[in-house]
Structures are given as C-alpha cells and as structure tokens.
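Worksheet: the structure to be examined is printed underneath.
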Amino acid sequence: MKRLTRAAKLLGKLGGETTSAARAEASRLNGTKGGRPRMRAEELSQEIPPILGPTLELINQLEREEIIQKPTIGGSIALMYYAQPVKTDDLDVFCYIPNRELLIDLGPIYRRLEELGCKINNLYVNVKGVDVQFLVPANEPLVEEALANAAPVSIDNVTTHIFEYEYALAVKAEANRAKDWAHIATAVESAAPNKEKLDAILSKYGLLEKWRRKIEE
Amino acid sequence: MTNYQTVRSNEDIYKAKAEVRRMRAAEPFERKLLALVRMQMMDYSIARSAGRTARKPWHSEDKNRVKIYASFQG
Numbered sequence: 015m016k017r018l019t020r021a022a023k024l025l026g027k028l029g030g031e032t033t034s035a036a037r038a039e040a041s042r043l044n045g046t047k048g049g050r051p052r053m054r055a056e057e058l059s060q061e062i063p064p065i066l067g068p069t070l071e072l073i074n075q076l077e078r079e080e081i082i083q084k085p086t087i088g089g090s091i092a093l094m095y096y097a098q099p100v101k102t103d104d105l106d107v108f109c110y111i112p113n114r115e116l117l118i119d120l121g122p123i124y125r126r127l128e129e130l131g132c133k134i135n136n137l138y139v140n141v142k143g144v145d146v147q148f149l150v151p152a153n154e155p156l157v158e159e160a161l162a163n164a165a166p167v168s169i170d171n172v173t174t175h176i177f178e179y180e181y182a183l184a185v186k187a188e189a190n191r192a193k194d195w196a197h198i199a200t201a202v203e204s205a206a207p208n209k210e211k212l213d214a215i216l217s218k219y220g221l222l223e224k225w226r227r228k229i230e231e
Numbered sequence: 006m007t008n009y010q011t012v013r014s015n016e017d018i019y020k021a022k023a024e025v026r027r028m029r030a031a032e033p034f035e036r037k038l039l040a041l042v043r044m045q046m047m048d049y050s051i052a053r054s055a056g057r058t059a060r061k062p063w064h065s066e067d068k069n070r071v072k073i074y075a076s077f078q079g
C-alpha cells in the first residue's frame, strides 16, 4: 500500500503531464509497466466493494418473505464459479414459486422488487446494480433435478445455492444456443467436470450424442 | 543491443495457454466476478465507440465502483 501511495502522489503532483522519467519512477514503485498506479491482487479484498453480495442479500429477502423458494444461481455465472470467467450480461436465478398454479406468474417477484427500489427492464430486473433474470422451471425435469441437487455456497459472505458444475453444463447444453456451446467449450477447457456424473446426466436427458458432436469431436 | 527470441512449438503454446486457463479457473470467485465486470466494461465501451447499442456493465451507475474496477490490475 505504501509503495502505491508514493506512486499515486508522484503522479498526482505532476497533474497529468507526466514525463517519461516520472512514469518510469512510478512504474518502478508500483511494479507495473505503465505509469498509472494500479491496485494489487492482495489489496482486492480490502478495496473492492462486493459485486454480488447486496444482490444476493435482496434475493434472500424474497425467499424469507416466501415470494420465491430456493433461489439458485445457474447459467454462465454458475459455470464461472467452477471455471474461467466468461462474458455474460445477467445473473440467472432459478427458483420455485410457492403455491403456484398452472401458469407461472412472475408478477409478485417483480412487484416486490419494484417496491424495494429495483428497476425493471424487459425480462431483467436491476437488483442492486446487477441485472438479474428469474427463471422458474416449467415442465423442465433437468432444471428441477439441478435445483434439487444445488450446492450451498457463500458468496461475498452471503449464503446462497448454485448449480453443481455438471448440472450447470447440462442445463447450458439443453438451452442449445451458439453462445451456450461457446461457454461450455471455454469452461471444460479450464476445469474438467466429473465425466461419469456428466455422462449420466446427459444420457438421462438425451443430450449425450449432441454433447459428443459439439464438444468431444 | 541483442534480442533473444525463444522458439516455441505450437504444442508449448497450447500447454501454456491451458495452464493459464486452469489458473484463472482456480481463482477465487470474487476475483472472477471482477474480471467479468471488466469484460462488460470493455464490451460496452467498444460497442459505444462503434455506434452499437450494448447493455451497461453491472454497477455502472456507481462512479466510485467504476473507478475501482478500472484501476484493478488483474
């Protein structure tokens, strides 16, 4: 921290008009190639405000108010939990709705979130700065099984659930869009799933052939 | 001044990349989230400069956060 402060002071004094010597000195102090002081990895936990914590806290509040049941992180964010980061725009939250009728009505979720100050934008709700999409399984046995087997985790000190890696991959494969397969390919390159478990899930839901065509060949 | 260039095979390059991917996968989730937000920021600014519409990055309304995210050296 001390070295960073010195580098920042040095650049601050120069008022933006940095000379190459000043940049080199700042760079030496800071340990970076460029002159601008940057945050070090070990300072991350102290300096970075939680990204998902407040969002997950509000979603847990909906669960406490019995508007939703077992909110579980799925989609690309679930893949990212186990594998390398991939670009995505939203946080997919799979959940059940208590006492639901034949048709799924997401209205109560959206109404309550609006009351709590969240902005609604088409399918997405901006919950504390993060775009969230709520997904309720409707006659989707794979998603229901993934929800039933979801793992409890703590993210930014907030307890929640997340799809197990193999289920997250299978749900992505079932969605079958080009970007889903791209995310799957990126994920399996960086973190190997449990092959036996994955094959069992994929074959149970008739996805194994497609998987082999797209990923293994 | 002489520059020395190491000759690396495609296989070596592939192995090095695979190793980096595994390292990135093993990072704490909070670090990965930060990497994601930085990707969103880059994607948004590229889209804007090309005249395309794009979804805003997470927490983009909080200017302090944006500054912190931008200053982080991944």
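So the protein sequences, as listed, match chains P and U.
Numbers given in our numbering equal positions in the first sequence, counted from 1, plus 14.
Numbers given in our numbering equal positions in the second sequence, counted from 1, plus 5.
Yeah, the Cβ is synthetic: ideal placement off N, Cα and C, and Gly gets one too.
Remember, it's a predicted structure, so these values are computed and weren't measured experimentally.
Query raised in the report: DSSP three-state call for U/Leu-39: helix, strand or coil?
Result: helix
Query raised in the report: Is any beta-carbon of chain P found at less than 9 Å from that of U/Ile-18?
Result: no
Requested in this report: Starting from the C-beta of P/Leu-130, find all residues in its chain whose C-beta is less than 7 Å away, skip the five residues before and the five after it, and write them out in chain order.
Outcome: Cβ within range, chain order: Leu-72.
Query raised in the report: By how many angstroms is the C-alpha of U/Lys-72 removed from the C-alpha of P/Ala-22?
Result: Here the model assigns P/Ala-22 a pLDDT of 48, short of 50, so the residue's position is not dependable, and the following value carries that caveat. Using only the alpha carbons, I get a separation of about 14 Å.
Query raised in the report: CB P/Pro-122 to CB P/Ile-134, shorter than 9 Å?
Result: no
**Report entry** Limits of the alpha helix (DSSP H) - the one that P/Pro-122 falls within
**Finding:** For P/Pro-122, the uninterrupted alpha helix (DSSP H) run begins and ends at 121-129, by DSSP.
Report task. Please find out if some non-hydrogen atom of the ligand MN comes closer than 8 Å to the beta-carbon of U/Arg-13. Result -> The ligand MN is absent from the structure shown, which contains no ligands of any kind.
Query raised in the report: Going by beta carbon distance, what residues of the same chain come within less than 8 Å of P/Ala-162, once the five residues before and after it are set aside?
Result: Take P/Ala-162, set aside five residues on each side of it, and no residue of its chain has a beta-carbon closer than 8 Å to its own.
Query - Start and end residues, alpha helix (DSSP H) containing U/Asn-15 - result: 15-30
Query raised in the report: Sorted by chain position, which residues of the same chain lie with C-beta nearer than 6 Å to P/Arg-50's C-beta, five sequence neighbours on each side aside?
Result: Model confidence at P/Arg-50 stands at a pLDDT of 47, short of 50, so the residue's coordinates are unreliable; what they give is reported in the following sentence. When the five nearest sequence neighbours on each side are left out, no beta carbon in the same chain lies closer than 6 Å to the beta carbon of P/Arg-50.
Report task. Look up P/Thr-173 in the DSSP assignment and give the residues it is bridged to. Result -> P/Ser-168
Query raised in the report: Taking any Cβ of chain U, which residues in the region 142-157 of chain P have a Cβ under 8 Å from it, in chain order?
Result: Cβ contacts with chain U come from Gly-143, Val-144, Asp-145.
Requested in this report: Please classify P/Lys-6: does DSSP put it in a helix, a strand, or coil?
Outcome: Missing from the structure shown is residue 6 of chain P; chain P here goes from 15 to 231 and no further.
Report task. Classify P/Met-94 as buried or exposed, calling it buried when 16 or more other Cβ atoms lie within 10 Å of its own Cβ. Result -> buried
Query raised in the report: Apart from the five residues on each side of it in sequence, which residues of its chain come closer than 8 Å, Cβ to Cβ, to U/Arg-60?
Result: Result list for U/Arg-60: Gln-45, Tyr-49, in chain order.
Query - chain P within 9 Å of U/Ile-51, Cβ atoms only - result: no
Requested in this report: Enumerate in chain order the residues of its own chain whose CB-to-CB distance from P/Lys-211 is below 7 Å, with the five nearest sequence positions on each side excluded.
Outcome: Glu-180
Query raised in the report: P/Thr-174: buried (16+ other C-beta within 10 angstroms of its C-beta) or exposed?
Result: Counting the other CB atoms within 10 Å of its CB gives P/Thr-174 a total of 16 or more, which places it among the buried residues.
**Report entry** DSSP three-state assignment for P/Leu-105, whether helix, strand or coil
**Finding:** strand
Query raised in the report: Does any CB atom of chain U fall closer than 9 Å to the CB of P/Glu-180?
Result: no
Query raised in the report: Alpha carbon to alpha carbon, how far is U/Lys-20 from U/Arg-57?
Result: Each residue's Cα considered, the two are about 36 Å apart.
Requested in this report: Name, please, each residue of chain B whose Cβ falls closer than 8 Å to the Cβ of P/Lys-101.
Outcome: Looking for chain B here will not work: the only protein chains present are P and U.
Query raised in the report: If you run the structure through DSSP and keep just helix, strand and coil, what is P/Lys-147?
Result: Reading the sequence as shown, one finds Gln at residue 147 of chain P and not Lys. Three-state DSSP puts P/Gln-147 in a strand.
Report task. Report the residue from P/Lys-193, P/Pro-99, P/Ser-90 whose alpha carbon sits nearest the alpha carbon of U/Ala-40. Result -> P/Pro-99
Query raised in the report: In chain order, what residues of the same chain lie with their CB nearer than 6 Å to the CB of P/Val-139, ignoring the 5 residues before and after it?
Result: Here the set comprises Leu-127, Cys-132, Val-146.
Report task. Quick one: which residues of the region 197-224 of chain P get their C-beta closer than 7 Å to a C-beta of chain U? List them in chain order. Result -> Glu-203, Ser-204, Ala-205
Query raised in the report: Which of helix, strand or coil does DSSP assign to P/Ile-62?
Result: coil
**Report entry** Spatial distance of P/Val-144 from U/His-64 (CA atoms)
**Finding:** Between the alpha carbons of P/Val-144 and U/His-64 lies a distance of about 6 Å.
Query raised in the report: Should P/Val-172 and P/Gly-67 be called a contact, given that it needs their Cβ atoms to be closer than 9 Å?
Result: When the beta-carbon positions are compared, P/Val-172 and P/Gly-67 come within less than 9 Å of each other.
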